[in-house]
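> Each number in the numbering used here comes from the position in the sequence shown (counting from 1) with 65 added on.
Next up is a structure, given as structure tokens.
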Amino acid sequence: MNSRFRQILLGQLLSHLNYKREKDRSEGFTLIELLVVIVIVGVLSAIALPSFLNQSIKAKQSEAKAYVSSLYRGQYTYYSEKSTFTNNITNLGVGISTATTNYQYASEGDPALLTTRITNKATSRKVGVKSYAGVLVVVKIQQMKQYSNM
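See the structure below:
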């Protein structure tokens with residue numbers, strides 16, 4: 066019985082050591098698994114980074130679109146009051162600076178044609194950022210006289 070008890074005890078001890086050894090092996094990652102994860106993260110980063118950088122450029126360009134639109138509305142109001150456009154942005158009273166970090170703003174028009182057209186420009190000051198322009202034109206239609214034959 067004593068030898069039988071030893072066999073059982075020894076079997077249990079060896080079983081426990083074998084279980085512990087298997088458990089220790091399964092608690093970590095292999096070098097291959099870590100490299101696969103790093104490659105996957107690298108590929109996803111390479112895909113996402115250009116998209117992220119484009120969002121920054123789009124935000125800068127939205128500033129120009131908003132400012133050119135404000136200049137348009139300012140010129141429209143100025144024309145309604147004075148029957149002419151102006152080359153001076155400060156005369157519009159829209160509170161827009163002529164220059165920001167990303168753009169230089171201007172309202173340009175031929176002085177002889179200020180009663181009919183004006184161009185509002187947002188010229189890019191940085192590489193990779195688009196410039197924008199908006200043109201406001203007034204077309205005067207002469208009143209037609211109607212004649213009737215009786």
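Even glycine gets a Cβ: it sits at the ideal position worked out from N, Cα and C.
Hey, how far is the Cα of Leu75 from the Cα of Gly93?
About 29 Å.
> For Thr151, does the three-state DSSP call read helix, strand or coil?
Coil at Thr151, not helix or strand.
> On the three-state DSSP scale, how would you describe Gly107?
Note: Gly107 maps to helix in three-state DSSP.
> Just curious, the beta strand (DSSP E) that Ile183 is in, first and last residue?
Taken as a continuous stretch (DSSP letters only), the beta strand (DSSP E) holding Ile183 covers 182–189.
> For Ser121, which residues does DSSP report across the bridge?
Ser121 pairs with nothing; no bridge assigned.
> Excluding five sequence neighbours on each side, which residues of the same chain lie with their C-beta closer than 6 Å to the C-beta of Gly139?
Excluding residues within five positions, the ones whose Cβ falls inside 6 Å are Leu157, Val159.
> Determine the burial state of Ser172: buried for a count of at least 16 other Cβ atoms within 10 Å of its Cβ, exposed for fewer.
By the neighbour-count rule (16 or more Cβ atoms within 10 Å), Ser172 is buried.
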